[in-house]
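Working notes for the structure below.
There are 2 protein chains.
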Amino acid sequence: MIRIGLDMMGGDFAPYEAVKGVLAFFESAPQDTHLILIGDEPQIAKYLSEYSLSPSLYSIIHASQVIEMHEHPTKALKEKQDSSIAIGFHLLATEKIDAFISAGNTGAMMVGSLFSIKAIPGVLRPTIGAYIPREDGSLGLLVDVGLNADCKAENLNQFAILGSLFAEYILNINNPKVGLVNIGEEEGKGNLLAQATYPLLKENNQIHFVGNIEGRDILLNKADVMVCEGFTGNVLLKMAESVHDIVKRRNIDDEHFNRFNFEAYGGVPVLGVSKPVIIGHGISSSVAFKNMINIACKMIETKLTEKIITSFSTIS
Amino acid sequence: MIRIGLDMMGGDFAPYEAVKGVLAFFESAPQDTHLILIGDEPQIAKYLSEYSLSPSLYSIIHASQVIEMHEHPTKALKEKQDSSIAIGFHLLATEKIDAFISAGNTGAMMVGSLFSIKAIPGVLRPTIGAYIPREDGSLGLLVDVGLNADCKAENLNQFAILGSLFAEYILNINNPKVGLVNIGEEEGKGNLLAQATYPLLKENNQIHFVGNIEGRDILLNKADVMVCEGFTGNVLLKMAESVHDIVKRRNIDDEHFNRFNFEAYGGVPVLGVSKPVIIGHGISSSVAFKNMINIACKMIETKLTEKIITSFSTIS
Numbered sequence: 006m007i008r009i010g011l012d013m014m015g016g017d018f019a020p021y022e023a024v025k026g027v028l029a030f031f032e033s034a035p036q037d038t039h040l041i042l043i044g045d046e047p048q049i050a051k052y053l054s055e056y057s058l059s060p061s062l063y064s065i066i067h068a069s070q071v072i073e074m075h076e077h078p079t080k081a082l083k084e085k086q087d088s089s090i091a092i093g094f095h096l097l098a099t100e101k102i103d104a105f106i107s108a109g110n111t112g113a114m115m116v117g118s119l120f121s122i123k124a125i126p127g128v129l130r131p132t133i134g135a136y137i138p139r140e141d142g143s144l145g146l147l148v149d150v151g152l153n154a155d156c157k158a159e160n161l162n163q164f165a166i167l168g169s170l171f172a173e174y175i176l177n178i179n180n181p182k183v184g185l186v187n188i189g190e191e192e193g194k195g196n197l198l199a200q201a202t203y204p205l206l207k208e209n210n211q212i213h214f215v216g217n218i219e220g221r222d223i224l225l226n227k228a229d230v231m232v233c234e235g236f237t238g239n240v241l242l243k244m245a246e247s248v249h250d251i252v253k254r255r256n257i258d259d260e261h262f263n264r265f266n267f268e269a270y271g272g273v274p275v276l277g278v279s280k281p282v283i284i285g286h287g288i289s290s291s292v293a294f295k296n297m298i299n300i301a302c303k304m305i306e307t308k309l310t311e312k313i314i315t316s317f318s319t320i321s
Numbered sequence: 006m007i008r009i010g011l012d013m014m015g016g017d018f019a020p021y022e023a024v025k026g027v028l029a030f031f032e033s034a035p036q037d038t039h040l041i042l043i044g045d046e047p048q049i050a051k052y053l054s055e056y057s058l059s060p061s062l063y064s065i066i067h068a069s070q071v072i073e074m075h076e077h078p079t080k081a082l083k084e085k086q087d088s089s090i091a092i093g094f095h096l097l098a099t100e101k102i103d104a105f106i107s108a109g110n111t112g113a114m115m116v117g118s119l120f121s122i123k124a125i126p127g128v129l130r131p132t133i134g135a136y137i138p139r140e141d142g143s144l145g146l147l148v149d150v151g152l153n154a155d156c157k158a159e160n161l162n163q164f165a166i167l168g169s170l171f172a173e174y175i176l177n178i179n180n181p182k183v184g185l186v187n188i189g190e191e192e193g194k195g196n197l198l199a200q201a202t203y204p205l206l207k208e209n210n211q212i213h214f215v216g217n218i219e220g221r222d223i224l225l226n227k228a229d230v231m232v233c234e235g236f237t238g239n240v241l242l243k244m245a246e247s248v249h250d251i252v253k254r255r256n257i258d259d260e261h262f263n264r265f266n267f268e269a270y271g272g273v274p275v276l277g278v279s280k281p282v283i284i285g286h287g288i289s290s291s292v293a294f295k296n297m298i299n300i301a302c303k304m305i306e307t308k309l310t311e312k313i314i315t316s317f318s319t320i321s
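Sequences listed follow chains C and U, in order. This note's numbering puts the first sequence at residues 6 to 321. This note's numbering puts the second sequence at residues 6 to 321.
Rendered as structure tokens:
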């Protein structure tokens, strides 16, 4: 039995979109999954009562508080012990749930991931990536996209391993190609960080390194895992998101650009922490919630965390 | 009389597109401009003979060598003294021409700018920006886009001044808004460089600083001059360029996205060097060449270089 904790109070449309996501998830008939819905019980129960969902499929755990989007992460987590996010991390740390998902305060989710469940031994810095839609219909992974604004070469080398394992087990990409985001194709190009990272990636036998990739390659499939520090990654991701906004504003209906709707993907896991945690987009839709629950299931089924632990125990 | 030197051998379609660009430039009936066409004289003369251009409008200066796109910049400039780029910088340094334009080897153009004509006193690092098309039809400037992959806060502060003067005099933007490319809106956000740069921009009374801008704001008009180090800027620019490729591939015909054809803009000047130098895109079309000649004229007419010299003499 897989037990997944879901913060029902996270996201701009809480808890309605989360409830719809739960229903959509169960419609796809998953086997042996129990959802633990964390949040305002009366509200959740009221929404759920409109549908005929078997009570055996879920439990509700009441949270009297909510960490709002604008709140200071560390302070809020400390002061709001009865918030849905704090309860979620408590349940995860005490093994009452196997994974925790929230589309709430991103900072609080990151602080919770790093301090209540901690990094896997050997992982210097956990990371968070983003899906990048490609024209062939597949998804790539850009990593890091903002958790680590300043990085050392060793961090990027670890992001490459973490991203490769995610691409292999969750995105089903066999022997994923790893590219270093850079400003030139040849070895030796780039800023000091990229120059220092290239040889580490080249010598890393846990990944399939294909060399440097440039900005024009990010939206193509030259590499499946695209590695950079979180400053560049975040700015790139947000620019790509804005392309979707512009496309919509200009009434362009194109199958590929429609896939630039990053909200639909739900969230991405925090990679390198000791339990599955998925952080969703603030404007997560029901589809996003459903996708996040599915990704959590897949992380558990494929034992991604264990695979990461094994990888990093080999290194150290 | 404005004398503009044009490298006819630069770009993938040399010298044909350059010749067509020269013709297009003179069709728009500029006043008092003489073009000095540098390159293989027989070839240039042959192409020009097909058109009835008054010989008083141009001179041809023969160059027996060409620096190819793949050559090592410093080495090539040193060894190929009779190349069109080497001759161009020689003419510029000795005041035989007032501006020099090339769509040839970018590295050689940068090396020539920095070593044969030098930075303006007070400018720590010259920079190169790129036009960013906005939905309202105007252009913004992203600076730096690759000349300076590693920067200090002082460099970014100077790019803001250089970019503002360019935006004001060449893009005709009154009191241009300067934004710091960052991963959060509030002061204090970002990597160490952005955190150190913010207070410098805030206190800089030569610019109109509007705060941080995020990746999603780059393609909008939140800021006219968008400042970042050359690593992030280059990756962003190349991603934006690739959006145009994807749009074309998908047969989308949209007025705004058509303006993502960065080749059409020609080139951008190297900002902060003591004479006007414009570096073009390798695949520059005749329109690009025409635009570059027009920008060079405008730089000379508006005395942009003198304005920059004055700005930096005030600082130091």
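C-beta atoms are modelled at their ideal positions from N, C-alpha and C, and glycine is treated no differently. Just so you know, these numbers come straight off a predicted model, no measurement behind them.
Name the chain U residues whose beta carbon is nearer than 9 Å to that of residue i?
| i | result |
| --- | --- |
| residue 59 of chain C | Near residue 59 of chain C there are no residues of chain U at all, since even the closest Cβ is about 41 Å away, more than 9 Å. |
For residue i, which three-state DSSP category applies?
| i | result |
| --- | --- |
| residue 307 of chain U | coil |
| residue 139 of chain U | coil |
| residue 145 of chain U | strand |
| residue 184 of chain C | strand |
| residue 151 of chain C | coil |
| residue 14 of chain C | coil |
| residue 39 of chain U | strand |
| residue 213 of chain U | strand |
| residue 175 of chain C | coil |
| residue 224 of chain U | coil |
| residue 6 of chain C | coil |
| residue 197 of chain C | helix |
| residue 20 of chain U | coil |
| residue 128 of chain U | coil |
| residue 271 of chain U | coil |
| residue 238 of chain C | helix |
| residue 133 of chain U | strand |
| residue 218 of chain U | strand |
| residue 287 of chain U | coil |
Run the CB neighbour count on residue i, radius 10 Å, all protein chains shown included, and call it buried at 16 or more, exposed below.
| i | result |
| --- | --- |
| residue 281 of chain U | buried |
| residue 270 of chain U | buried |
| residue 288 of chain C | exposed |
| residue 91 of chain U | buried |
| residue 306 of chain U | exposed |
| residue 120 of chain U | exposed |
| residue 33 of chain C | exposed |
| residue 210 of chain C | exposed |
| residue 56 of chain U | exposed |
| residue 173 of chain C | buried |
| residue 138 of chain C | buried |
| residue 256 of chain U | exposed |
| residue 296 of chain U | buried |
| residue 311 of chain U | exposed |
| residue 75 of chain C | exposed |
| residue 163 of chain U | buried |
| residue 197 of chain U | exposed |
| residue 132 of chain U | buried |
Against chain A, does residue i count as a neighbour if the rule is that its beta carbon must be under 8 Å from one of theirs?
| i | result |
| --- | --- |
| residue 153 of chain C | Looking at the structure shown, chain A is missing, and the protein chains on hand are C and U. |
Output, in sequence order along the chain, the residues in the segment 234-263 of chain U whose CB is closer than 8 Å to any CB in chain C.
If the cut-off is 8 Å between Cβ atoms, the segment 234-263 of chain U has 234, 235, 236, 237, 239, 240, 241, 242, 243, 244, 245, 246, 247, 248, 250, 251, 254, 255, 257, 259, 261 and 262 near chain C.
Below 7 Å between beta carbons is the criterion; list the residues of the segment 184-198 of chain C that meet it against any residue of chain U, in chain order.
Within the segment 184-198 of chain C, the residues whose Cβ lies closer than 7 Å to some Cβ of chain U are 186, 188, 195, 196 and 197, listed in chain order.
Just by C-beta distance, which residues in the segment 141-156 of chain U are closer than 8 Å to chain C?
Near chain C, meaning a CB-to-CB distance below 8 Å, the residues of the segment 141-156 of chain U are 151, 154 and 155.
In chain order, what residues of the segment 208-235 of chain U put their CB closer than 9 Å to some CB of chain C?
Identification of residues in the segment 208-235 of chain U having a C-beta nearer than 9 Å to some C-beta of chain C yields 219, 220, 221, 222, 223, 224, 225, 233, 234 and 235, given in sequence order.
Sequence ranges, alpha helix (DSSP H) only - wholly within the segment 44-116 of chain C, length at least 4:
Fully enclosed alpha helix (DSSP H) runs of 4 or longer: 46-54, 78-84 and 89-98.
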